[in-house]
Amino acid sequence: MVTISHLSTKGLVKNFGGIKAIKDVDFDLPKGQIRALIGPNGAGKSTFVGMISGRIAPSQGKIFFADQNITNLPTHKRICLGIAYTFQITSVFSRLTVHENVALAVRRNRQFNRTEVEEQVCNILTKVGLLNRSSSEVRELSYGHQRLLEIAMGLGQEPSLFILDEPTQGLAESEILAFSSILKSMSGNTTVLLIEHNMDIVMATAEYITVMNFGQILAEGTPSEIRSNEAVQLAYLGKT
Numbered sequence: 296m297v298t299i300s301h302l303s304t305k306g307l308v309k310n311f312g313g314i315k316a317i318k319d320v321d322f323d324l325p326k327g328q329i330r331a332l333i334g335p336n337g338a339g340k341s342t343f344v345g346m347i348s349g350r351i352a353p354s355q356g357k358i359f360f361a362d363q364n365i366t367n368l369p370t371h372k373r374i375c376l377g378i379a380y381t382f383q384i385t386s387v388f389s390r391l392t393v394h395e396n397v398a399l400a401v402r403r404n405r406q407f408n409r410t411e412v413e414e415q416v417c418n419i420l421t422k423v424g425l426l427n428r429s430s431s432e433v434r435e436l437s438y439g440h441q442r443l444l445e446i447a448m449g450l451g452q453e454p455s456l457f458i459l460d461e462p463t464q465g466l467a468e469s470e471i472l473a474f475s476s477i478l479k480s481m482s483g484n485t486t487v488l489l490i491e492h493n494m495d496i497v498m499a500t501a502e503y504i505t506v507m508n509f510g511q512i513l514a515e516g517t518p519s520e521i522r523s524n525e526a527v528q529l530a531y532l533g534k535t
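All letters in the sequence shown, in the order written, are residues 296 to 535 by the numbering used here.
Below, the structure written as structure tokens:
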């Protein structure tokens with residue numbers, strides 16, 4: 296069976312002054328896979344994802360998405376191609392309602408009539424457990440609910456690549472379980488890149504894991520392979 300790469304980087308480098316934050320990274324993410332990107336603080340994960348999303352310009356190397364070179368493409372054009380990215384800090388419209396926020400994301404993706412928008416919004420809010428908060432202004436929500444709303448807005452764009460940056464941060468245990476179910480439901484349909492420190496979520500939901508350390512890829516493999524990898528244990532999982 297041929298594996299189709301949905302996102303890839305070739306020789307990706309990022310320098311900040313004299314500091315090489317990302318060092319010649321070659322990365323391949325197959326279409327439809329749920330991939331976790333993990334590593335200790337300062338490993339280069341945020342810089343790497345920033346280059347993929349278009350927020351940070353690479354110093355060297357190339358980025359390909361759906362067989363297109365997007366290295367120099369601005370963020371908004373990457374969004375139009377089907378890349379959705381939730382930030383570590385919530386980026387929602389605080390004075391609009393939950394429903395209005397998701398409706399904006401749905402309309403941005405495609406031209407829907409009013410009935411279709413309503414159906415899409417209700418389906419998405421049900422999936423993330425926020426339907427009963429539909430008429431609430433975002434500023435009235437807890438931080439955890441704002442994180443779920445951000446995920447809902449990402450789903451509203453119907454992305455082919457969904458980058459989730461620490462999505463469980465601030466979520467209650469019940470919300471984390473709900474998020475896990477949402478993530479598993481995407482498998483095979485949406486390519487997911489999950490940046491996450493909650494190893495229980497990573498091991499339970501990721502099909503494949505990439506571990507970064509000191510701006511390089513330290514290891515890649517299935518959850519069981521990563522769990523038993525001595526270099527990963529030493530660098531990240533806290534075992535010797």
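Beta carbons are placed, not taken as given, at the ideal position from N, Cα and C, and that holds for glycine.
Whole angstroms is fine: what's the gap from residue i's alpha carbon to residue j's?
i	j	result
K309	I496	29 Å
D319	L489	21 Å
S469	I299	35 Å
G424	G312	45 Å
Y531	P335	6 Å
L399	K372	17 Å
S437	T381	17 Å
S389	E502	35 Å
T410	I365	35 Å
T342	I317	7 Å
R428	A467	16 Å
V401	L529	44 Å
A379	R350	13 Å
On the three-state DSSP scale, how would you describe residue i?
i	result
D362	coil
G465	coil
F457	strand
T410	helix
N310	strand
V487	strand
G449	helix
R275	Since the displayed the chain opens at 296 and closes at 535, residue 275 lies outside it and no answer follows.
G349	coil
A398	helix
I299	coil
L391	coil
A499	helix
A526	helix
State yes or no: is the C-beta of residue i within less than 8 Å of the C-beta of residue j?
i	j	result
I419	V397	yes
V344	V393	no
L324	T517	no
G327	G483	yes
I347	I458	yes
Using the Cβ count rule (16 or more neighbours within 10 Å means buried), how would you classify residue i?
i	result
D362	exposed
D460	buried
I314	exposed
S519	exposed
Q415	buried
N524	buried
Who are residue i's beta bridge partners in DSSP?
i	result
F322	T304
N508	Q511
R434	Bridge partners of R434: none, in fact.
L332	I490 and T505
Q355	V308
Quick one: does the C-beta of residue i sit closer than 7 Å to a heavy atom of the ligand MG?
i	result
A331	Although the ligand MG was asked about, the structure shown includes no ligands whatsoever.
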